[in-house]
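S.K.:
Protein chains: 2
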Amino acid sequence: MTRIVTTLVTVISPAGGPPPGDLSLRERKKLRTREALADAALRLFTEKGFDATTLDDVVDAVEVSKRTFFRNYSSKEDVALAPEKELWAGYAVEIEACPLAGPILTVYQEALAVTLAGMDPSWERRFVASRRLAEATPSLTAHSLQHCADVTRTVVDTVAARLGPDGPERVQLHLPLELMVAAWRWALKEWSETGDDPGREALQARMGEAFRAIPPSMALTVNAG
Amino acid sequence: MTRIVTTLVTVISPAGGPPPGDLSLRERKKLRTREALADAALRLFTEKGFDATTLDDVVDAVEVSKRTFFRNYSSKEDVALAPEKELWAGYAVEIEACPLAGPILTVYQEALAVTLAGMDPSWERRFVASRRLAEATPSLTAHSLQHCADVTRTVVDTVAARLGPDGPERVQLHLPLELMVAAWRWALKEWSETGDDPGREALQARMGEAFRAIPPSMALTVNAG
DNA sequence: AGAGAATGTGCCACTGAGTGGCATTTGCCG
DNA sequence: CGGCAAATGCCACTCAGTGGCACATTCTCT
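These protein sequences, in sequence, are chains R and L. Going by our numbering, the first residue of the first sequence is number 1, and it counts up by one from there. Going by our numbering, the first residue of the second sequence is number 1001, and it counts up by one from there.
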């Protein structure tokens, strides 16, 4: 068995000045394998199914050791849900700076709309794949929900801190957020079930529908049995 | 190494009539090991922590093979969350028969209150332990949330079926349920953080508080930054 | 340019969850 | 008693994930 040694020769910026793009060569290399891992993982998971794909399949495809995989992602689920985590990371940032005025439910919704609009174009493609996997794979659903719950907690922390000690109780901040997330997940489900080309506009439309469904659903009254 | 053979001698009901309590000896035996496994698991998890306890610890304590464990529970998480699953199973049953009139949010809440009130007294002790573990262990949180989502889906199915084809859209049924569950989980968190003796009354009180917090939280308006 | 510190990577052995298969035991019932 | 079905035990196996250490690469300072 022959080792394949890939030596990256730094051709550009020969004078060794400040790293291009604010990233050193080392960091760029690491980022590259990180992305290669995510791409390969998403591709293989989609092709063969999440459970049927082993981590060895993934790391072999990227020609990297399993140890290296775990230095980049904390689990098999983690890499599959990376796009979703990026979105929520953006949301957490947004919620720190967004205007905090009006109905809290609207604030939460608006922040998500802004975050979504600000995601990188290339993010979308990965996100569809990730979402379809998550809908089809119980362990991914579980991890996704758990991550949502984590983010939810930090978001409530952030908002509570911004509103100061005289602000509303934490339940009051928590429940509307959970409702917003529930609507968002509903929108995601509808969106990822879309046949062939689920673009971002379609997702935004679904999200709008789900958000608009909130008020009537709260007032819904039934009568049977 | 000497095998320990535990032969269960049927002393009671010597005439071999119909199985007492509607359960045959075989079924009673199986149920007994099932419960012994749950008890041992919950005890060991609480003592040593969920992650630090291996399944071998559990099955050794019950003197049963690992294979037998997996014939009773689908995973390590499953046994730890058994009490919660029993509750939701009861909820699913309740929702099939409960009166379906009035605000849907109230219907969902009432059904949970009824289910909770109907749980076996011995259930409560296990449930506290299970909940405290779930709050402290990410993988348990994840599985708990996933199971909630599963139940949620079937509940919406049931209600939709009961309301017939001319009933409201599924989103309208889904969102209030998610909100109710969010409030319930909030109540659980508060309850399981209670110092020493969290009785059922305390849980019911917490639940009531959380449910009453829903309307004001939906109308909450903020103004800062 | 070169020495040495950081940092990233590969490899290897290991634990622990979960599964499949098969032989054996145990309760069931005619 | 004898055959049948269900439950169990045992064993070998796969795969996710971790710890440790040696090696390679990049960075930094002189």
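Beta carbons: idealized from backbone N, C-alpha and C, even for Gly.
1. Using alpha carbons as the reference points, say which of R:W186, R:D166, R:E110 lies closest to L1173 of chain L.
2. Return the residues of the segment 1155 to 1176 of chain L that lie within a Cβ-Cβ distance of less than 7 Å from chain R, sorted by chain order.
3. Just how far apart, CA to CA, sit R34 of chain R and T46 of chain R?
4. Write down every uninterrupted run of the beta strand (DSSP E) in the segment 80 to 150 of chain R whose length is 3 residues or greater and which is fully enclosed by it, in chain order.
5. Would the segment 1151 to 1158 of chain L and the segment 1177 to 1185 of chain L be scored as touching if the rule is three or more Cβ pairs under 8 Å?
6. In the DSSP assignment, what residue or residues form a beta bridge with T1054 of chain L?
7. For S130 of chain R, count neighbouring Cβ atoms within 10 angstroms of its own Cβ and tell me buried if that reaches 16, exposed if not.
8. With 16 other CB atoms within 10 Å as the buried threshold, where does K1066 of chain L fall?
9. Report yes or no: do the segment 154 to 169 of chain R and the segment 195 to 206 of chain R share at least 3 C-beta pairs separated by less than 8 Å?
10. Check this for me: beta carbons of T1115 of chain L and E1094 of chain L, under 7 Å apart or not?
11. Looking only at its own chain, which residues have a Cβ that is under 8 Å from the Cβ of A92 of chain R, when we skip the five neighbours before and after it?
12. For L42 of chain R versus K76 of chain R, is the C-beta distance shorter than 7 Å?
13. Can you tell me the Cα-Cα spacing of L1044 of chain L and D1078 of chain L, whole angstroms?
14. Please report whether the beta-carbon of W88 of chain R lies at a distance below 7 Å from any beta-carbon of chain L.
15. For a quick check, are the C-beta atoms of V222 of chain R and I1104 of chain L less than 7 Å apart?
16. Output yes or no for whether 7 Å exceeds the beta carbon distance between A37 of chain R and N72 of chain R.
17. To which residues of the same chain is S192 of chain R closer than 6 Å at the C-beta, ignoring the five residues directly before and after it?
18. Using a Cβ cut-off of 7 Å, which residues of the segment 1127 to 1148 of chain L contact any Cβ in chain R, in chain order?
19. Which value, in whole angstroms, describes the spacing of the CA atoms of F1070 of chain L and L1087 of chain L?
20. Note down, in chain order, all residues in the segment 1076 to 1102 of chain L with a beta-carbon under 7 Å from any beta-carbon belonging to chain R.
21. Applying the 10 Å Cβ sphere with the 16-neighbour rule, what's the burial state of P1216 of chain L?
M.R.: Reading from the atomic positions:
1. For L1173 of chain L, the closest C-alpha among the options R:W186, R:D166, R:E110 is that of R:W186.
2. Within the segment 1155 to 1176 of chain L, the qualifying residues are R1162, L1163, P1168, V1171, Q1172, H1174, L1175, P1176.
3. Taking the CA atoms as reference points, R34 of chain R sits about 18 Å from T46 of chain R.
4. Listed in chain order, the complete beta strand (DSSP E) runs (minimum 3 residues) inside the segment 80 to 150 of chain R are 100 to 103.
5. The segment 1151 to 1158 of chain L makes contact with the segment 1177 to 1185 of chain L: 3 or more CB pairs, one atom from each, lie closer than 8 Å.
6. Bridge partners of T1054 of chain L: none, in fact.
7. S130 of chain R should be labelled buried.
8. K1066 of chain L should be labelled exposed.
9. Counting Cβ pairs under 8 Å, fewer than three are found: no touch.
10. In contact: T1115 of chain L and E1094 of chain L (Cβ atoms closer than 7 Å).
11. Once the five neighbours on either side are set aside, the close Cβ partners of A92 of chain R are V151, T154, V155, T158.
12. Contact flag unset, no.
13. Approximately 15 Å, taken between the alpha carbons.
14. Using beta-carbon distances, W88 of chain R does not count as an interface residue toward chain L, since no partner is under 7 Å.
15. Yes. Within cutoff.
16. Residue identity differs from the one stated: residue 37 of chain R is Leu in this sequence, not Ala. Contact: yes.
17. Around S192 of chain R: R131, R132, E135.
18. From the segment 1127 to 1148 of chain L, only P1138, T1141, A1142, H1143, L1145, Q1146 have a Cβ closer than 7 Å to chain R.
19. If I take the Cα positions, the gap works out to 21 Å.
20. Near chain R, meaning a CB-to-CB distance below 7 Å, the residues of the segment 1076 to 1102 of chain L are P1099, L1100, A1101, G1102.
21. P1216 of chain L is exposed by the Cβ-count criterion.
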